[in-house]
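Encoded as structure tokens, the structure appears first; notes follow it.
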Amino acid sequence: MTLTLYNTLTRRVEPFAPLAPSPARVTLYTCGPTVWNYAHIGNFRTFLFEDLLRRYLAYSGYDVFHIMNLTDVDDRTIKAAQAAGKRLEEHTAPFVQAFFEDRDYLRITPAHVYPRATESVPAMVRLVERLLERGVAYKGEDGSIYFAIAKFSTYGRLSRLDTRELKVGARVASDEYAKDDPRDFALWKRAEPADEQVGAAWDAPFGRGRPGWHLECSAMSLEQIGKCCRTETLDIHAGGVDLIFPHHEDEIAQSEAGTGKPFARFWLHGEFLNVRGTKMSKRFGNFLTARDLRDQGVDAAAVRLLFWQTHYRKALDFTDEALAAAGAGVKRLGEFYERVKRETGNPKGLPDGRGKRDGRLAELAAKFEVDFRAALDDDLNAPRACAALFELVHEGNAALDAGAPGAALALGVLDRAMQVLDVMPSAKTVDTELAQWIEGRIAARDKARKSKDFREADRIRAELTARGVEIEDTPSGTTWRLV
Ligand SMILES: [Zn+2]
1 MTLTLYNTLT
11 RRVEPFAPLA
21 PSPARVTLYT
31 CGPTVWNYAH
41 IGNFRTFLFE
51 DLLRRYLAYS
61 GYDVFHIMNL
71 TDVDDRTIKA
81 AQAAGKRLEE
91 HTAPFVQAFF
101 EDRDYLRITP
111 AHVYPRATES
121 VPAMVRLVER
131 LLERGVAYKG
141 EDGSIYFAIA
151 KFSTYGRLSR
161 LDTRELKVGA
171 RVASDEYAKD
181 DPRDFALWKR
191 AEPADEQVGA
201 AWDAPFGRGR
211 PGWHLECSAM
221 SLEQIGKCCR
231 TETLDIHAGG
241 VDLIFPHHED
251 EIAQSEAGTG
261 KPFARFWLHG
271 EFLNVRGTKM
281 SKRFGNFLTA
291 RDLRDQGVDA
301 AAVRLLFWQT
311 HYRKALDFTD
321 EALAAAGAGV
331 KRLGEFYERV
341 KRETGNPKGL
351 PDGRGKRDGR
361 LAELAAKFEV
371 DFRAALDDDL
381 NAPRACAALF
391 ELVHEGNAAL
401 DAGAPGAALA
411 LGVLDRAMQV
421 LDVMPSAKTV
431 DTELAQWIEG
441 RIAARDKARK
451 SKDFREADRI
461 RAELTARGVE
471 IEDTPSGTTW
481 RLV
């Protein structure tokens, strides 16, 4: 099996191979957050899908170079900074910081570079100059520079524009515009007083102004892959489905008209997250951020598992019930993992020789690994990979009950799968005072058991349970954990 991915450009699931086969390097660009506010969990669904992609590429043996931009200047950031009465960087800095914190909370692997739009303006100016020289860009009477979509014959290939009317010469200045209204779009917007007020204007040979959002991603991705890998073609470009038009369509037009080379070979798009049936959006008021979840004590492992259980190309309904079910799932997984880990010191099954020494656990683990790979090779079918994982938990527990050996192999398989899914429950932090109290109670219980005072031992166990401490008696002593 080889990795296959659904390519929005061709509307087909295609075998994936990178442009540079040796060394097997993959260049990956993912559109990053617009740091005008906190990113909501709908944004993080996209970033998590990209994390799955990145991790599975690495698991499959590729050397991934991952670029994620930070949009710290665009229509929205300027408006928000102006409303807050702040300079642009003063307004965006805390949201950049918050984004990194949320990323770490959700266990998202950091990109190799996070270029910021405001720090990449020279590359944007160079790209606009190139487009002007090639005659695909022009200055409008408002002083802004526009891309002439009629001059780029394949415009609309990604979003299948053929069914829509191309309005030659009609222009749009705003970063976001309607799906059914393709027009010449702004590459560089002439500086307005509001831009100057927040510090969002730069000098350029074609007039003082600021970049359009679409231009930013083209210039930053080309600059970064040029630096790292001396290429002008990305292996994979990913983002949310809402970016297909106009954002990604415009990125293709600007980049390909500028370089004369294909911009990205694979285009991957993640579907929306719905909260109680409504697309999560700041506009609709059902806004939930990653930090809201963190502040409520939600384990990131549960969020990840919940997201993996729906394919990235299907809309996902986010409900409290679904999140609680995912939480129960990661707990079950964590318990199985701990059990397997304890058994690794016991390669021949249970010490008293009870149970079959039939290698059943090893067989189950090996079968799981095959199923896991087959599922993810099939356009990142994480729901199927998770189903296989929980089958291993279920059947593996039964095999362990029967004393089957093979725990060391199973542990290795689980560790490898977690490099991709990363859904083991977070260890609960215990303060030293509590730990000392627990150890003291366990010692008292041991003493009671030794003197055959089982009533006292049971009473202590109940006392521990009441404080959320679960204990287990093993041949090497009593272990405990918080539940
Ligand atoms: Zn972008």
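Numbering (the numbering used here), first residue to last: 1 to 483.
Using N, Cα and C, we set each Cβ at its ideal position, and we do this for glycine too.
Inclusion of His214 and His247 in the CB contact set at 9 Å is warranted, their separation being smaller than that value.
The set of residues with a C-beta under 5 Å from any non-hydrogen atom of ligand 1 comprises Cys31, Cys217, given in chain order. With 16 or more neighbouring CB atoms inside 10 Å of its own CB, Glu216 falls in the buried class.
Look at the region 226-254 and you find these whole runs of beta strand (DSSP E), each 3 residues long or longer: 234-240.
Gly345 and Pro405 have their C-alpha atoms some 10 Å from each other. Gln419 is classed as exposed because its beta carbon has fewer than 16 other beta carbons within 10 Å across all chains shown. For Tyr138, the enclosing beta strand (DSSP E) has its first and last residue at 137-139. Between Leu414 and Tyr337, the C-beta spacing is below 9 Å.
Distance between Gly329 and Ala366, taken at the CA atoms: about 21 Å.
Taking the Cα positions, Thr319 is about 26 Å away from Trp36.
Taking C-beta atoms under 8 Å as the contact rule, Pro15 and Asp235 fail to qualify, at a distance of about 13 Å. In the DSSP secondary-structure assignment, Met124 is not bridged to any residue. Here the region 139-149 makes contact with the region 200-211; the two share three or more CB pairs at distances below 8 Å. If you keep only unbroken beta strand (DSSP E) runs of at least 3 residues inside the region 301-385, you get 316-318.
In this structure, Pro110 keeps its C-beta atom at 9 Å or more from the C-beta atom of Leu70. Judged by their CB atoms, Leu57 and Val26 are nearer to each other than the 9 Å cut-off.
Secondary structure note for Ala264: it is in no alpha helix (DSSP H), and the uninterrupted beta strand (DSSP E) holding it is 264-270. With 16 or more neighbouring CB atoms inside 10 Å of its own CB, Lys189 falls in the buried class.
For Asp453, no alpha helix (DSSP H) encloses it, and the DSSP letter there is neither H nor E. In this chain, the beta strand (DSSP E) harbouring Phe147 covers 145-147. Contact between Pro425 and Asp299 holds: their C-beta atoms lie close to 6 Å from each other, under 8 Å. The Cβ atoms of Gly156 and Glu251 do not sit closer than 9 Å to each other. Val370 counts as exposed, since fewer than 16 other beta carbons sit within 10 angstroms of its beta carbon.
Beta-carbon to beta-carbon, Thr4 and Asp379 are separated by about 6 Å, close enough to satisfy the 8 Å threshold. Looking only at Glu391, Ala435, Arg134, Thr478, the smallest Cα-Cα distance to Lys151 is reached by Arg134.
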